[in-house]
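Accompanying notes for the structure given below.
There are 2 protein chains.
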Amino acid sequence: MAGMDEIDHRILAALVADARATYAEIGADVGLSAPAVKRRVDKLQDSGVIRGFTAVVDPEVLGWNIEAMIDVYCQGRISPAELRAAWLPIPEVVQASTVAGSADAVLRVRARSVPHLEETLERIREAAAIERTESTVVLSRLIERG
Amino acid sequence: MAGMDEIDHRILAALVADARATYAEIGADVGLSAPAVKRRVDKLQDSGVIRGFTAVVDPEVLGWNIEAMIDVYCQGRISPAELRAAWLPIPEVVQASTVAGSADAVLRVRARSVPHLEETLERIREAAAIERTESTVVLSRLIERG
DNA sequence: AGTGAAATGCAGACTGT
DNA sequence: ACAGTCTGCATTTCACT
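Here the protein sequences come in this chain order: A and B. Heads up: the first sequence begins at 1 in full-length UniProt numbering, then just goes up one per residue. Heads up: the second sequence begins at 1 in full-length UniProt numbering, then just goes up one per residue.
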């Protein structure tokens with residue numbers, strides 16, 4: 001985005017802290033009226049700085065206890081857009097990135113059980129032209145932020 | 001949480017999709033009145049299933065353009081708690097997990113530039129008794145959720 | 001869990017700087 | 001261009017059924 005001043009950054013921080021905060025509350029924090037805050041938030045969304053608003057849910061509570069990282073090796077060249085389209089419908093895929101390393105992409109997957117993880121792996125492999133995958137199971141989550 | 005029925009799950013899904021959706025909108029989706037939805041959301045928050053609501057911000061725009069995943073190989077046995085304590089003060093570390101694989105831990109790091117990434121790597125290595133690290137730079141973020 | 005009413009917050013148009 | 005005020009309308013929130 002072109003001009004992002006101090007106030008925009010403070011509005012962003014407020015929304016990251018609580019996405020359901022009212023415009024008036026944010027305005028009180030940053031010293032602006034509610035309509036002024038809304039105008040800025042709208043611009044921030046239109047320009048792509050704010051991608052959206054989500055609820056952060058405790059995965060443990062829902063029984064999605066097991067997590068794994070999957071290195072994916074593709075056959076030939078597949079565009080990032082194709083990979084994204086292939087994996088987006090799989091809800092177990094929490095994170096996907098293309099990387100500059102020996103692997104082509106790295107996924108982060110959450111599942112309820114080992115059989116569930118295995119089934120998810122199968123669906124990931126079927127979704128695109130994939131040569132092989134290498135999975136490493138997460139033992140404990142030390143840090144989670146950003 | 002004790003009793004989480006189908007409707008609770010659908011409310012969760014709606015809030016994950018858009019944390020600023022109104023209770024009336026969610027109620028229309030799940031077949032409940034707005035006050036009923038609010039009561040369920042409040043309970044979901046009190047019981048810890050919903051940890052909060054945040055805005056998802058494009059990191060590129062804020063200048064934290066480069067991201068890397070770091071496989072860490074430790075010397076001897078280090079407890080997860082020690083690793084956490086060592087890396088928590090480093091703000092560039094966005095995610096850290098111990099894993100069951102050839103590496104002992106995997107970090108996800110965000111930096112403003114390659115020199116900044118290098119400096120962060122140095123600090124990560126100094127923070128604990130580490131044998132060696134293997135970094136892979138992220139080319140593009142395909143999916144980011146959960 | 002639904003209903004209805006009061007309080008609150010939102011979104012648009014308008015004005016001033 | 002950007003902030004403030006006003007206003008009609010939607011939403012939240014409470015008491016009650």
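Think of the CB as a built atom: it goes at the ideal place given N, C-alpha and C, for glycine as much as any other residue.
For residue 99/A, same chain residues with a beta-carbon under 6 Å away, outside a window of 5 residues either side, are 106 in chain order. Taking one beta carbon from each stretch, the region 66-82 of chain A and the region 38-58 of chain A have fewer than 3 pairs nearer than 8 Å; the two do not touch. Listed along chain A are 52, 53, 54, each with a C-beta nearer than 8 Å to that of residue 18/B. Of the candidates 127/A, 110/A, 118/A, 11/A, 110/A places its Cα closest to the Cα of residue 61/A. The Cβ atoms of residue 21/B and residue 15/B lie closer than 9 Å to each other. Using a Cβ-Cβ cut-off of 9 Å, residue 75/A does not count as an interface residue toward chain B, since no Cβ of chain B sits closer than that to its own. Burial state of residue 97/A is buried, judged by a 10 Å Cβ sphere holding 16 or more other Cβ atoms.
Under the Cβ criterion of 9 Å, residue 126/A is not counted among the residues facing chain B.
Our two residues, residue 80/B and residue 135/A, have alpha carbons roughly 21 Å apart in a direct line.
For residue 30/A, the closest Cβ of chain B is not nearer than 9 Å. Interface annotation, residue 117/B: not in contact with chain A, CB-CB separation never under 9 Å.
Per DSSP, the continuous beta strand (DSSP E) segment holding residue 95/B begins and ends at 93-100.
Contacts between residue 58/A and chain B, judged by CB atoms closer than 7 Å, involve 48, 49, 51 in chain order. In this structure, the beta-carbon distance from residue 54/A to residue 93/A does not fall below 9 Å.
For residue 144/A, the neighbours in chain B by C-beta distance under 7 Å run, in chain order, 95. The region 84-92 of chain B makes contact with the region 127-146 of chain B, as at least three CB pairs between them are under 8 Å.
Using a Cβ-Cβ cut-off of 9 Å, residue 83/B counts as an interface residue toward chain A, since at least one Cβ of chain A sits closer than that to its own. At a cut-off of 9 Å between beta-carbon atoms, residue 121/A makes no contact with chain B.
In this chain, the alpha helix (DSSP H) harbouring residue 42/A covers 34-46.
Annotated three-state conformation of residue 27/A is helix, per DSSP. Taking CB atoms only, residue 35/A has no neighbour in chain B less than 9 Å away.
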